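A.B. asks:
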Amino acid sequence: MPGRGKLIAVIGDEDTCTGFLLGGVGELNKNRKPNFLVVEKDTSITEIEETFKSFLARSDIGIILINQFIAEMIRHAIDAHMESIPAVLEIPSKEHPYDASKDSILRRAKGMFSAEDFR
Amino acid sequence: MYGFKPDKATEMRVDQQLRLDEQLLLFMDQLEALEEKRHKLNSLIEEGWFSIAKARYSMGNKQVSALQYASEMEPLVYVETSVLEGRTAEFKCERKENKTEELKSNTIEDIGAKETISGLRRRINTIQKGVREEDQETDPQVKTKAESSTPEHRDPLKWFGILVPQNLKQAQSAFKEVITLAAEIASLQSAIIATRKEMQAQTKEQQQKTEKTQPEMKNE
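From first to last, the protein sequence lines stand for chains A and B.
Residue numbering for the first sequence is 418 to 536, as defined by my numbering.
Residue numbering for the second sequence is 21 to 240, as defined by my numbering.
1) With 16 as the cutoff for other CB atoms within 10 Å, does Met48 of chain B come out buried or exposed?
2) Quick check on DSSP: helix, strand or coil for Asn62 of chain B?
3) Considering just the uninterrupted stretch of the alpha helix (DSSP H) at Arg524 of chain A, what are its terminal residues?
4) Beta strand (DSSP E) containing Arg492 of chain A: first to last residue?
5) Helix, strand or coil: which one does DSSP assign to Ser102 of chain B?
6) Kindly indicate which residue of B:Lys60, B:Thr30 and B:Val34 has the alpha-carbon position closest to the one of Phe195 of chain B.
7) Can you find the residues in the same chain that come closer than 8 Å, C-beta to C-beta, to Ala109 of chain B, ignoring five residues on each side of it along the sequence?
8) Taking Leu506 of chain A as the query, report the chain B residues whose CB atoms sit under 7 Å from its CB, ordered along the chain.
9) Jot down the residue ranges of each uninterrupted alpha helix (DSSP H) in the region 424–486 of chain A, minimum 4 residues, whole runs only, in chain order.
10) Quick one: what's got a C-beta closer than 7 Å to Ala214 of chain B's C-beta in the same chain, skipping five residues either side?
11) Give me, in chain order, the residues of the same chain whose beta-carbon lies closer than 8 Å to that of Ile65 of chain B; leave out the 5 immediate sequence neighbours on both sides.
12) How long is the line joining the alpha carbons of Glu507 of chain A and Ile483 of chain A, rounded to whole angstroms?
13) Cβ of Gln190 of chain B within 8 Å of Cβ of Leu177 of chain B?
14) Taking the alpha carbon of Ile72 of chain B as the point to measure from, which residue in A:Leu523, A:His513 and A:Glu431 has its own alpha carbon closest?
15) Going by DSSP, what residue range makes up the beta strand (DSSP E) through Ile508 of chain A?
16) Who are the Cβ neighbours of Ala75 of chain B in its own chain at under 6 Å, not counting the five residues just before and after it?
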């Protein structure tokens, strides 16, 4: 059980999960649900969304790392998340490089530059 | 001669505008820092994938996949979160060091071991010429091997075999660095959102004040 710190969750394709698990973020035991989800070709969007929401609901997760192409599938759920903890970080995948214009956080930050602000 | 002395309202407006400018500069700095860290994160992740692919090439396709994941895992890295004033969240990465515990030797076994070893040593010493002074100290000699603690603390690298190629180790160190960077980026993102909210609030405040003073000016 984590003492003081929180966990880092991962929702990504196989290689992304393998990499982060090698880094030591993974938690898997019979008492608790895992803090990662390997998204394959046949993984349903419902499952991804439910996993994401369950990570948000957990109080022991500090950061959620998610491949951007998967984030696109559940963009509405990510945009709806306004709290600062857990933080959601979008990362590239092998087939889809990182696109800053799609990132939820940056879109929120970009939104400030409207005509209203400079009147 | 140039008798223009700004009134209080104007002074306040100027102060507010200066504050807004400062916020804007801070915002820009934060965005720049974020872009830099993001760039580094993305290239490290790609480096990690490349190393994993190379390891897969040398070990075999099915030897580096989700099939190798352990059935039980314990996290070796945690993130400390704290919420600062202004609702900014800070994230700090903390890694659990893999401490090898000194084996708490069973005294009975130890004595047994000591006897046999000192016995052997005596035998060796009679064979060899000269008396060894090290003969006297038996404790350090009988140090049984320090085992790594419980299996939960095992290095995830071991899931893929005892002897793993260097590439897999490189992938691991790349991803370890990615994790640390991720925590820094998460902090920055939170700070950026907070700065933006602050700027919006200040702009709104300024607009409201301008609207209040404008009707006054019209009446004059």
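For glycine and all other residues, C-beta sits at the position ideal for the given N, C-alpha and C.
On a predicted model such as this, the values are computed, not experimentally measured, just so you know.
C.D. replies: Here's the rundown:
1) Stepping through the second sequence from its first residue, residue 48 of chain B is reached at position 28. Exposed is the call here.
2) Here residue 62 of chain B refers to the residue found at position 42 of the second sequence. Of the three classes helix, strand and coil, the one that applies to Asn62 of chain B here is helix, per DSSP.
3) Locating residue 524 of chain A in the first sequence gives position 107, where the first residue counts as 1. Per DSSP, Arg524 of chain A belongs to the alpha helix (DSSP H) from Ser521 to Lys527.
4) For the purposes of this step, residue 492 of chain A is taken as residue 75 along the first sequence, with counting starting at 1. Segment Arg492 to Asp496 is the alpha helix (DSSP H) holding Arg492 of chain A; no beta strand (DSSP E) there.
5) Taking the first residue of the second sequence as position 1, residue 102 of chain B is located at position 82. Three-state result, Ser102 of chain B: strand.
6) As a working mapping, residue 195 of chain B is identified with position 175 in the second sequence. Measuring from the Cα of Phe195 of chain B, the nearest candidate turns out to be B:Lys60.
7) Residue 109 of chain B sits at position 89 when you count from the first residue of the second sequence. Correct list, in chain order: Thr101, Ser102, Val103, Ala206, Ser207 and Ser210.
8) Reading the first sequence from its first residue, position 89 is the one you call residue 506 of chain A. Going along chain B in sequence order, the residues near Leu506 of chain A (Cβ under 7 Å) are Ala202, Ile205 and Ala206.
9) 431–440 and 462–474
10) Here the question's residue 214 of chain B lines up with position 194 in the second sequence. The beta carbon of Ala214 of chain B lies closer than 7 Å to those of Gly106, Arg107 and Thr108 in the same chain, with the five residues before and after it left out.
11) Numbered from its first residue, the second sequence carries residue 65 of chain B at position 45. Around Ile65 of chain B: Ala194, Phe195 and Val198.
12) Here residue 507 of chain A refers to the residue found at position 90 when the first sequence is read from its first residue. Here residue 483 of chain A refers to the residue found at position 66 when the first sequence is read from its first residue. Between the C-alpha atoms of Glu507 of chain A and Ile483 of chain A there is a straight-line separation of about 5 Å.
13) As a working mapping, residue 190 of chain B is identified with position 170 in the second sequence. As a working mapping, residue 177 of chain B is identified with position 157 in the second sequence. It is not a contact, given that the beta carbons lie outside the stated cut-off.
14) Stepping through the second sequence from its first residue, residue 72 of chain B is reached at position 52. Answer by Cα proximity: A:Glu431.
15) Walking along the first sequence from the start, residue 508 of chain A turns up at place 91. From DSSP, the beta strand (DSSP E) with Ile508 of chain A extends over Ala504 to Ile508.
16) Your numbering for residue 75 of chain B matches position 55 in the second sequence. If we look at Ala75 of chain B and ignore the five residues flanking it on each side, its Cβ neighbours are Val84, Pro185, Asn187 and Leu188.
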